[in-house]
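Asker: For the sequence shown, our numbering gives the first residue as 31, with consecutive numbering after it.
Even glycine gets a Cβ: it sits at the ideal position worked out from N, Cα and C.
This one's a predicted model, so the numbers in the text were calculated from it and none came from an experiment.
Here it is, the structure in full.
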Amino acid sequence: QVQVVQSGGGLVQAGGSLRLSCAASGRTFNTMGWFRQAPGKEREFVASISWNGGRIWYADSVEGRFTISRDNAKNTIYLQMNSLKPEDTAAYYCNVGGGSRVPGDYWGQGTQVTVSS
Numbered sequence: 031q032v033q034v035v036q037s038g039g040g041l042v043q044a045g046g047s048l049r050l051s052c053a054a055s056g057r058t059f060n061t062m063g064w065f066r067q068a069p070g071k072e073r074e075f076v077a078s079i080s081w082n083g084g085r086i087w088y089a090d091s092v093e094g095r096f097t098i099s100r101d102n103a104k105n106t107i108y109l110q111m112n113s114l115k116p117e118d119t120a121a122y123y124c125n126v127g128g129g130s131r132v133p134g135d136y137w138g139q140g141t142q143v144t145v146s147s
């Protein structure tokens with residue numbers, strides 16, 4: 031049985047940093063990544079990473095500010111979010127088993143990130 035468990039998130043002032051973690055269990059996955067959904071908006075792609083970290087994809091809106099990384103020994107990915115902006119406020123969801131920018135079938139429980147101005 032596949033489980034995807036997230037941690038991290040919270041409230042931060044604009045310009046601050048937060049780190050999200052996501053651990054998958056039950057099987058290994060090639061691509062793992064993050065999506066987010068702001069109130070009243072559709073869920074959107076944020077970042078994803080391939081098995082060996084050799085391929086990484088970012089949404090234009092986070093490129094240069096967010097960094098995705100991976101620890102295969104722990105079957106865990108991380109999202110380091112720097113220079114946060116109020117428009118980054120959203121529920122962030124870990125996703126595994128999808129393509130580079132397309133979600134797979136397995137989602138984490140979601141974690142709220144709120145950036146105050």
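#1: Could you give the first and the last residue of the continuous beta strand (DSSP E) run that contains asparagine 125?
#2: Under a Cβ-count criterion, where at least 16 other Cβ atoms within 10 Å of its own Cβ denotes burial, should glutamine 36 be classed as buried or exposed?
#3: In whole angstroms, give me the CA-to-CA distance for valine 76 and threonine 58.
#4: Return the bridge partner residues of serine 130 from the DSSP annotation.
#5: Tell me, to the nearest whole angstrom, how far the beta carbon of lysine 115 is from that of alanine 44; I am working on the premise that it is less than 8 Å.
#6: For the beta strand (DSSP E) holding glycine 38, just list the boundary residues, first then last.
#7: Taking Cβ to Cβ, would you say alanine 68 is nearer than 8 Å to threonine 119?
#8: For threonine 106, which residues from the same chain have a beta carbon less than 8 Å from its beta carbon, with the 5 sequence-adjacent residues on both sides left out?
#9: Using the Cα positions of asparagine 102 and lysine 71, report the straight-line distance between them to the nearest angstrom.
Answerer: In this structure, then:
#1: Counting along the chain, the beta strand (DSSP E) containing asparagine 125 begins and ends at 120-126.
#2: By the neighbour-count criterion, in which 16 or more other beta carbons inside 10 Å mark a residue as buried, glutamine 36 falls on the buried side.
#3: Cα-Cα distance, rounded: 21 Å.
#4: Per DSSP, none; premise fails for serine 130.
#5: Sure, about 6 Å apart at Cβ, within 8 Å.
#6: Where glycine 38 is concerned, the enclosing beta strand (DSSP E) stretches over 33-38.
#7: Taking C-beta atoms as the reference points, alanine 68 and threonine 119 count as a pair closer than 8 Å.
#8: Around threonine 106: Ser51, Cys52, Ala53, Ala54, Arg100.
#9: Straight-line Cα distance between these residues: approximately 32 Å.
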